[in-house]
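According to our numbering, the sequence shown holds residues 2 to 189 in order.
Take a look at the structure set out below.
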Amino acid sequence: MAALTTTVVLAVAGTTLGYSALTSSVTLTLDGRTEQVRSMGGTVAEVLESQGVEIGPHDIVAPDLDEPVEDGSSISVLFGRPFTLSVDGTEETHWVTATTVAGALEQIGRGYRDADLSLSRGGSLDRSGASLEVVTPKTLTFKIAGRKAITRTVTALTVEDALAEVGVKVHQHDRAKPGFEQLLSDGD
């Protein structure tokens with residue numbers, strides 16, 4: 002019995018040592034989260050595949066996928082995600098690797114400092130991305146009920162929104178030029 006126990010212990014130890022000798026310890030960073038992994042992969046692509054990490058066309062991987070991996074190597078992946086902006090009613094989609102709204106806006110070179118945003122700048126972006134509605138400030142001239150014209154800066158998308166922001170209550174039979182649902186531009 003002692004011989005059998007010794008044989009089993011040696012077999013397990015040998016298997017463990019063999020696995021350690023055939024694998025590499027790699028530092029894997031995915032969107033800023035780092036972990037140590039072991040893999041038998043000889044290239045970056047093989048290590049990522051062994052860890053179940055799928056790479057898409059908008060992802061950034063360093064080093065390149067075909068680079069060799071050895072014990073102690075580091076691999077970094079930034080996942081691309083769609084970031085759809087609707088700015089004053091005009092929609093456009095960008096691919097970003099940022100994980101926050103603020104980071105995504107920075108990557109595409111947009112600040113929108115004084116704008117109203119539908120999401121918090123500190124809000125997270127997961128791999129499915131996000132849609133952000135942006136209403137920029139506009140300087141508008143209002144002439145209400147024949148009174149003297151006033152100029153105000155508002156963050157409004159439509160005439161109706163702008164009137165509400167300056168405190169004008171719109172009633173059922175009121176009219177506006179342009180119409181209440183008209184999208185605004187700076188200087189209207």
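Backbone N, C-alpha and C fix where the C-beta goes; we use that ideal spot for every residue, glycine too.
Starting from residue i, trace the alpha helix (DSSP H) both ways and give me its first and last residue.
{"i": "residue 49", "result": "45-51"}
Counting along the chain, where does the beta strand (DSSP E) carrying residue i start and finish?
{"i": "residue 78", "result": "75-79"}
{"i": "residue 36", "result": "34-40"}
{"i": "residue 141", "result": "139-143"}
{"i": "residue 153", "result": "151-155"}
{"i": "residue 54", "result": "That residue, residue 54, is in no beta strand (DSSP E); it is neither H nor E in DSSP."}
{"i": "residue 109", "result": "It is not in any beta strand (DSSP E) - residue 109 carries neither H nor E in the DSSP assignment."}
Please state whether DSSP places residue i in a helix, a strand or coil.
{"i": "residue 22", "result": "Note that residue 22 scores 49 on pLDDT, short of 50, meaning its location in the model is unreliable; the coordinates nonetheless yield the value given after this. In the structure shown, residue 22 sits in a helix (DSSP, three-state: H, G or I)."}
{"i": "residue 126", "result": "coil"}
{"i": "residue 93", "result": "strand"}
{"i": "residue 134", "result": "strand"}
{"i": "residue 169", "result": "coil"}
{"i": "residue 102", "result": "helix"}
{"i": "residue 120", "result": "coil"}
{"i": "residue 29", "result": "strand"}
{"i": "residue 181", "result": "coil"}
{"i": "residue 86", "result": "strand"}
{"i": "residue 190", "result": "Because residue 190 is not part of the residues shown, which for the chain are 2 to 189, the question remains open."}
{"i": "residue 146", "result": "coil"}
{"i": "residue 163", "result": "helix"}
{"i": "residue 16", "result": "Here the model assigns residue 16 a pLDDT of 48, short of 50, so the residue's position is not dependable, and the following value carries that caveat. If DSSP states are grouped into helix, strand and coil, residue 16 belongs with the helices."}
Are the beta-carbon atoms of residue i and residue j separated by less than 8 Å?
{"i": "residue 137", "j": "residue 113", "result": "yes"}
{"i": "residue 185", "j": "residue 158", "result": "yes"}
{"i": "residue 62", "j": "residue 42", "result": "no"}
{"i": "residue 135", "j": "residue 102", "result": "no"}
{"i": "residue 60", "j": "residue 139", "result": "no"}
{"i": "residue 54", "j": "residue 78", "result": "yes"}
{"i": "residue 45", "j": "residue 65", "result": "yes"}
{"i": "residue 67", "j": "residue 25", "result": "no"}
{"i": "residue 177", "j": "residue 141", "result": "no"}
{"i": "residue 171", "j": "residue 153", "result": "no"}
{"i": "residue 131", "j": "residue 120", "result": "yes"}
{"i": "residue 169", "j": "residue 151", "result": "no"}
Query raised in the report: How about the stretch 142-159 and the stretch 118-126: do they share at least three Cβ pairs that are nearer than 8 Å?
Result: In the pairwise beta carbon analysis, the stretch 142-159 is classified as not touching the stretch 118-126: fewer than three pairs are separated by under 8 Å.
**Report entry** Validate contact between the stretch 79-99 and the stretch 34-47 using beta carbons, cut 8 Å, 3 pairs
**Finding:** Taking 8 Å as the limit for Cβ pairs, the verdict is that the stretch 34-47 does not touch the stretch 79-99.
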